[in-house]
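Report on the structure given below.
There are 2 protein chains.
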Amino acid sequence: MMSESGKVPAPTIERLAIYSRPLEDLLESGTPVVSSERLAILCGVNPAQVRKDLAYFGEFGVRGLGYEVRELLRAIRTILATDRVWHLCIVGMGNLGRALVENENFKKRGYLFAAAFDVDNRKVGERLRCGLAIEPIAKIKELVGRLNVDIGVITTPQEDAQRVADLLTDAGVKSLLNFAPLQVRAPASCFVEHVDLGVKLENLAYHLTRLRGAKPHK
Amino acid sequence: MMSESGKVPAPTIERLAIYSRPLEDLLESGTPVVSSERLAILCGVNPAQVRKDLAYFGEFGVRGLGYEVRELLRAIRTILATDRVWHLCIVGMGNLGRALVENENFKKRGYLFAAAFDVDNRKVGERLRCGLAIEPIAKIKELVGRLNVDIGVITTPQEDAQRVADLLTDAGVKSLLNFAPLQVRAPASCFVEHVDLGVKLENLAYHLTRLRGAKPHK
DNA sequence: CAGTGAATGTGCATTTTTTCACAATCTGAA
DNA sequence: TTCAGATTGTGAAAAAATGCACATTCACTG
Numbered sequence: 420m421m422s423e424s425g426k427v428p429a430p431t432i433e434r435l436a437i438y439s440r441p442l443e444d445l446l447e448s449g450t451p452v453v454s455s456e457r458l459a460i461l462c463g464v465n466p467a468q469v470r471k472d473l474a475y476f477g478e479f480g481v482r483g484l485g486y487e488v489r490e491l492l493r494a495i496r497t498i499l500a501t502d503r504v505w506h507l508c509i510v511g512m513g514n515l516g517r518a519l520v521e522n523e524n525f526k527k528r529g530y531l532f533a534a535a536f537d538v539d540n541r542k543v544g545e546r547l548r549c550g551l552a553i554e555p556i557a558k559i560k561e562l563v564g565r566l567n568v569d570i571g572v573i574t575t576p577q578e579d580a581q582r583v584a585d586l587l588t589d590a591g592v593k594s595l596l597n598f599a600p601l602q603v604r605a606p607a608s609c610f611v612e613h614v615d616l617g618v619k620l621e622n623l624a625y626h627l628t629r630l631r632g633a634k635p636h637k
Numbered sequence: 420m421m422s423e424s425g426k427v428p429a430p431t432i433e434r435l436a437i438y439s440r441p442l443e444d445l446l447e448s449g450t451p452v453v454s455s456e457r458l459a460i461l462c463g464v465n466p467a468q469v470r471k472d473l474a475y476f477g478e479f480g481v482r483g484l485g486y487e488v489r490e491l492l493r494a495i496r497t498i499l500a501t502d503r504v505w506h507l508c509i510v511g512m513g514n515l516g517r518a519l520v521e522n523e524n525f526k527k528r529g530y531l532f533a534a535a536f537d538v539d540n541r542k543v544g545e546r547l548r549c550g551l552a553i554e555p556i557a558k559i560k561e562l563v564g565r566l567n568v569d570i571g572v573i574t575t576p577q578e579d580a581q582r583v584a585d586l587l588t589d590a591g592v593k594s595l596l597n598f599a600p601l602q603v604r605a606p607a608s609c610f611v612e613h614v615d616l617g618v619k620l621e622n623l624a625y626h627l628t629r630l631r632g633a634k635p636h637k
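Protein chains in written order, with the working numbering: chain Z, 420 to 637; chain S, 420 to 637.
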């Protein structure tokens, strides 16, 4: 938790988040300690990978024993900064937007939706089940500032995504999670994460056509 | 399109899908030809990367000119096998499940939801806006077989995901797209793609706490 | 029909990421 | 207190992915 001097590979960060899922289960089931081997199996990775990933941030294990589940989970949460509340806003209240806003998993992990917007003014004013009312995008700047929004989630159609991204970054949002199927541009100070569900399906399609017979998938 | 002999890096496949997005736009806007440099900018990658990715599958460009948009798009679609219809089924008709089933983008790209299931029998029988009725998971085996389902999408809560995955693979589904926050296990003959939205947010959170000042994000 | 300009395709160097393999070190038992 | 057994932390090797740089090849012009 202390070191973290040099720069850490991006895949490592991604995996830390993945490690935390089974750790939560283990904690709940009362397992006090876990080895890198067991954790690796649960996450589908190599044990050395687990150890090396963790080693970027300190020494969390006990040689001969393994990692104390509770402590390791707390350490990962500190590293990933999920031990605090983050404020999100979301733009684009179609089906996907509504699904995300109402997703309990996010709230449980400290991600709170503070505002919901839509480009379509006919939707404005509608009250969502989560309690938020849909706001017009004209109010992005004001609300993002007032509510201290850290992360903007974009679930608009492709054609509105870049405009919305501009509004959000202009309003001071420091990072974006974009679901629209195009690469939104943002200033370097803003970190953008891109989720394209179509890409995932196309991956599957590709492998389906080759995977004839049965090739081990790693 | 012809060669594709040796094995292709996984990141290449992922990028091919990404390239197709701006290509669709270019085609629609009537641009006849695109250079690797322009396409690279649109996708946020290196031009040499674009060329190398394509080179795994053949020679699609014309030196001195670039790539013919229509032809390149067709080639990529052939490679990714998105030039045909794929049959999906989805299990777990919560908000996310409903959002996916009703997503027009999937249909547009040839991904048809042929059946929708839920673990909760109280939901069974309900008719979705897309026309499908929710089926009980007991009917997975029958329907997957009859409807020739290629890909199973899992949007159940975590605790049901593995059981559902087992039902699907047992029914002969050859690949899975899993949204539950755990690593589902499947036989080697079944390809699994995992989407954990929480992981994306945790990535953002991590970078937000470090990205003080403004670091270029690649 | 040769010359020019442009952009591809690709061998090679570089960088990044993963994996191996083992010394270091801890617990618990005798 | 020493020994056995287990598992970490890590340097070094291997593998994978990226990016450079340039020879190659095409279209177009005069």
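Heads up, the beta-carbon is just placed ideally off N, CA and C, and yes, glycines get one too.
Could you tell me which chain S residues have their CB closer than 7 angstroms to the CB of residue i, listed as they occur along the chain?
i	result
Ser-594 of chain Z	Leu-623, His-626, Leu-627
Val-618 of chain Z	Glu-433, Ala-436, Ile-437
Gly-463 of chain Z	Gln-602
Tyr-530 of chain Z	Leu-620
Glu-545 of chain Z	In chain order: nothing, as chain S lies at least about 16 angstroms away.
I need the straight-line Cα distance from residue i to residue j, nearest angstrom please.
i	j	result
Ser-608 of chain S	Val-568 of chain S	15 angstroms
Phe-476 of chain Z	Val-618 of chain Z	32 angstroms
Ala-500 of chain Z	Ser-439 of chain Z	13 angstroms
Leu-623 of chain Z	Glu-561 of chain Z	42 angstroms
Thr-497 of chain Z	Cys-549 of chain Z	28 angstroms
Gln-602 of chain Z	Val-481 of chain Z	44 angstroms
Ser-424 of chain Z	Ile-495 of chain Z	No answer about Ser-424 of chain Z holds up, because its pLDDT of 49 lies below 50 and its placement is not dependable.
Leu-547 of chain Z	Val-464 of chain Z	40 angstroms
Val-583 of chain S	Leu-566 of chain Z	40 angstroms
Leu-445 of chain Z	Glu-523 of chain Z	21 angstroms
Leu-492 of chain S	Glu-443 of chain S	7 angstroms
Ala-518 of chain S	Met-512 of chain Z	11 angstroms
Lys-426 of chain S	Asn-514 of chain S	38 angstroms
Ile-432 of chain Z	Phe-525 of chain S	30 angstroms
Phe-555 of chain S	Val-520 of chain Z	Position check: residue 555 of chain S holds Pro in this sequence, whereas Phe was assumed. Taking the straight line joining both Cα atoms gives about 27 angstroms.
Gln-581 of chain Z	Tyr-625 of chain S	24 angstroms
Pro-576 of chain S	Phe-536 of chain S	13 angstroms
Val-614 of chain Z	Asn-597 of chain Z	6 angstroms
Leu-531 of chain Z	Leu-507 of chain Z	6 angstroms
Glu-487 of chain Z	Glu-478 of chain Z	12 angstroms
Val-538 of chain Z	Val-453 of chain S	31 angstroms
Pro-428 of chain S	Lys-542 of chain Z	44 angstroms
Pro-466 of chain S	Arg-457 of chain S	8 angstroms
Let me know if residue i comes out buried or exposed under the rule of 16 or more other beta-carbons within 10 Å of its beta-carbon.
i	result
Pro-606 of chain Z	exposed
Pro-441 of chain Z	buried
Ser-588 of chain Z	Looking at the sequence provided, one finds Thr at residue 588 of chain Z rather than Ser. The residue is buried, with at least 16 neighbouring Cβ atoms inside 10 Å.
Ser-448 of chain S	exposed
Gly-510 of chain S	Rather than Gly, the amino acid found at residue 510 of chain S in this sequence is Val. The residue in question, Val-510 of chain S, is buried, as its Cβ has 16 or more Cβ neighbours within 10 Å.
Asp-502 of chain S	exposed
Val-599 of chain Z	Rather than Val, the amino acid found at residue 599 of chain Z in this sequence is Ala. Buried, since its Cβ has 16 or more Cβ neighbours within 10 Å.
Cys-462 of chain Z	buried
Leu-586 of chain Z	buried
Val-504 of chain S	exposed
Ile-540 of chain Z	At residue 540 of chain Z the sequence reads Asn, which differs from the Ile that was named. The residue in question, Asn-540 of chain Z, is exposed, as its Cβ has fewer than 16 Cβ neighbours within 10 Å.
Ala-436 of chain Z	buried
Glu-578 of chain S	exposed
Leu-484 of chain S	exposed
Gly-564 of chain Z	exposed
Glu-612 of chain Z	buried
Ala-474 of chain S	exposed
Glu-621 of chain Z	buried
Ala-557 of chain S	exposed
Output, in chain order, the set of chain S residues within a Cβ distance shorter than 8 angstroms of residue i.
i	result
Arg-517 of chain Z	Asn-514, Ala-518
Lys-501 of chain Z	In the sequence as presented, Lys is not what sits at residue 501 of chain Z; that position holds Thr. Here the neighbours are Glu-621, Ala-624.
Phe-536 of chain Z	Neighbours of Phe-536 of chain Z on chain S: none; closest Cβ ~17 angstroms, over 8 angstroms.
Can you find the residues in the same chain that come closer than 6 angstroms, C-beta to C-beta, to residue i, ignoring five residues on each side of it along the sequence?
i	result
Arg-470 of chain Z	Ser-455
Val-545 of chain S	Note that residue 545 of chain S is Glu in the sequence shown here, rather than Val. Ile-553, listed in sequence order.
Phe-610 of chain S	Ser-594
Gly-516 of chain Z	Ile-509, Thr-574
Glu-490 of chain Z	none
In chain Z, which residues lie less than 9 angstroms from residue i when you measure between Cβ atoms?
i	result
Val-488 of chain S	Here the premise fails: no neighbours, minimum Cβ distance about 16 angstroms.
Asp-450 of chain S	Per the sequence presented here, residue 450 of chain S reads as Thr, with Asp not at that position. Per Cβ cutoff of 9 angstroms: no residues; Thr-450 of chain S is ~15 angstroms from chain Z at best.
So, for residue i: in the same chain, excluding its five sequence neighbours on each side, which residues have a beta-carbon less than 8 angstroms away from its beta-carbon?
i	result
Gln-468 of chain Z	Arg-434, Ala-459
Arg-528 of chain Z	Thr-501
Pro-430 of chain Z	none
Taking C-beta pairs closer than 9 angstroms, name the residues in chain S that residue i reaches, listed in chain order.
i	result
Asn-522 of chain Z	Gly-513, Asn-514, Leu-515, Leu-616
Arg-541 of chain Z	Here the premise fails: no neighbours, minimum Cβ distance about 18 angstroms.
I'd like the list of long-range same chain contacts for residue i, defined as Cβ closer than 7 angstroms, with 5 residues on each side in sequence excluded.
i	result
Ile-559 of chain S	Phe-536, Leu-586, Leu-587, Ala-590
Ala-533 of chain Z	His-506, Leu-507, Cys-508, Leu-566, Val-568
Report task. Taking only runs that begin and end inside the stretch 552-606 of chain Z, name each unbroken alpha helix (DSSP H) of 4 or more residues, in chain order. Result -> 559-566, 577-589
Query raised in the report: Which runs of the alpha helix (DSSP H) fall wholly inside the stretch 463-490 of chain Z and span at least 4 residues, in chain order?
Result: 466-474
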